[in-house]
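Q:
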Amino acid sequence: MYPRYLLTSHFWNIRQKSEFQQLFLKERIVHNRRIFRYLQAKLEALRPEAEDFSRLANILGLLGSGLHPTAQEILAAKPIFGKAPYQMSSLSSGHVATLCHLHGVRTGLLKRARLAERFQLFQHMDRAIKHEGGVHNMQPDALKHACFLRGLNPTNLSNDHMIEWLRDWVTVSLAVDTDTMSLFFHLPILIAYNHPNNWKLTHK
Numbered sequence: 001m002y003p004r005y006l007l008t009s010h011f012w013n014i015r016q017k018s019e020f021q022q023l024f025l026k027e028r029i030v031h032n033r034r035i036f037r038y039l040q041a042k043l044e045a046l047r048p049e050a051e052d053f054s055r056l057a058n059i060l061g062l063l064g065s066g067l068h069p070t071a072q073e074i075l076a077a078k079p080i081f082g083k084a085p086y087q088m089s090s091l092s093s094g095h096v097a098t099l100c101h102l103h104g105v106r107t108g109l110l111k112r113a114r115l116a117e118r119f120q121l122f123q124h125m126d127r128a129i130k131h132e133g134g135v136h137n138m139q140p141d142a143l144k145h146a147c148f149l150r151g152l153n154p155t156n157l158s159n160d161h162m163i164e165w166l167r168d169w170v171t172v173s174l175a176v177d178t179d180t181m182s183l184f185f186h187l188p189i190l191i192a193y194n195h196p197n198n199w200k201l202t203h204k
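Heads up: the sequence shown begins at 1 in the UniProt record's numbering, then just goes up one per residue.
In structure tokens:
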């Protein structure tokens, strides 16, 4: 317990760093289920838009069945997150606050602005990954750190597994703009909600 609070991460040993990263991630992803419920609750409002309704209903159905949509299926649904009821300006204060918890952002006043800053930061990092040759060129420690930051517990995952997951993340992240950034904030749900490593972390 004490090293977490008394020392900066620079002084943590390898075991402590892994343990604390898992702990920090657990504190964030315990909010996944609530965010998923928020997504489900808004679905009926899309029914007049048959194509949008079908696409998002399929994605939520996959998540509810223990699966994940592909990056291509998520990108096909991107426009949905740029208009009501899923665009950032349409989300309830409670929904936005829960997204803040998931992404490690302070709640309270200006929480939407702080989330927007987080979006810009991650887009900068994801562009850097692409410009430096892609996910497959990242070192194992960098892969693990990137997964932790983006909502996946990488403990005991192979490099290939982490690369595949991060490649999907970067593909979607870099296709999102400020109009559809609500999709970015829900991305940990869309591609990691049912991951066995995350379930192990939140249920142990």
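We put the beta carbon where it would ideally sit given N, CA and C, even for glycine. Quantities reported herein were computed from a predicted structural model and do not represent experimental measurements.
Name the two residues that bound the continuous alpha helix (DSSP H) containing E164.
A: Note, E164: alpha helix (DSSP H), N159 to S173.
Q: Any chance you could list the beta strand (DSSP E) runs of at least 3 consecutive residues sitting entirely within the region 113-166, in chain order?
A: Counting only runs of 3 or more, we get nothing.
Q: Quick one: grab the DSSP three-state call for S92.
A: Coil, per DSSP.
Q: Taking all protein chains shown into account, decide if N137 is buried (16 or more other Cβ within 10 angstroms of its Cβ) or exposed.
A: When all chains shown are included, N137 counts as exposed.
Q: From L115 to T98, what distance separates their C-alpha atoms?
A: If I take the Cα positions, the gap works out to 11 Å.
Q: If we define contact as Cβ-Cβ less than 8 Å, is L67 a contact residue for chain D?
A: Absent here is chain D; the protein component of the structure consists of one chain.
Q: Would you call the CB atoms of H101 and H203 closer than 8 Å?
A: It is not a contact, given that the beta carbons lie outside the stated cut-off.
Q: Using CA atoms only, rank isn't needed, just tell me which of F81, H124 and T70 is closest to W165.
A: Here the closest residue by C-alpha is T70.
Q: Once DSSP output is grouped into helix, strand and coil, what is the label at K78?
A: In the structure shown, K78 sits in a helix (DSSP, three-state: H, G or I).
Q: When you compare the CB positions of K78 and V176, do they come within less than 8 Å of one another, or not?
A: Against a cut-off of 8 Å, the Cβ pair of V176 and K78 comes out as a contact.
Q: Exposed or buried, what is G134 when buried is set at 16 or more other beta-carbons lying within 10 Å of its beta-carbon?
A: G134 comes out exposed.
Q: Assuming K42 is part of the alpha helix (DSSP H), what are its boundary residues?
A: First-last of the alpha helix (DSSP H) with K42: N32 to K42.
Q: So C147 and M125 are in contact, right, with Cβ under 8 Å, and what is the actual spacing, rounded?
A: No, C147 and M125 are not in contact; Cβ-Cβ is about 13 Å, not under 8 Å.
Q: Since Y38 and H95 should fall inside the 8 Å C-beta cutoff, what is the C-beta to C-beta distance between them, to a whole number of angstroms?
A: Confirmed, about 5 Å.
Q: Between I59 and L190, how many whole angstroms is the CB-CB distance? I'm expecting something under 8 Å.
A: Indeed they touch by this definition, with Cβ atoms about 7 Å apart.
Q: Quick check on L110: buried or exposed, where buried means 16 or more other Cβ atoms within 10 Å of its Cβ?
A: When all chains shown are included, L110 counts as exposed.
Q: How is P196 classed by DSSP in three states: helix, strand or coil?
A: Three-state result, P196: helix.
Q: Mind reading off the beta-carbon distance from L187 to S173? Whole number of angstroms is fine, and I expect it under 8 Å.
A: Sure, about 7 Å apart at Cβ, within 8 Å.
Q: Tell me the DSSP secondary structure of D177 in three-state form.
A: If DSSP states are grouped into helix, strand and coil, D177 belongs with coil.
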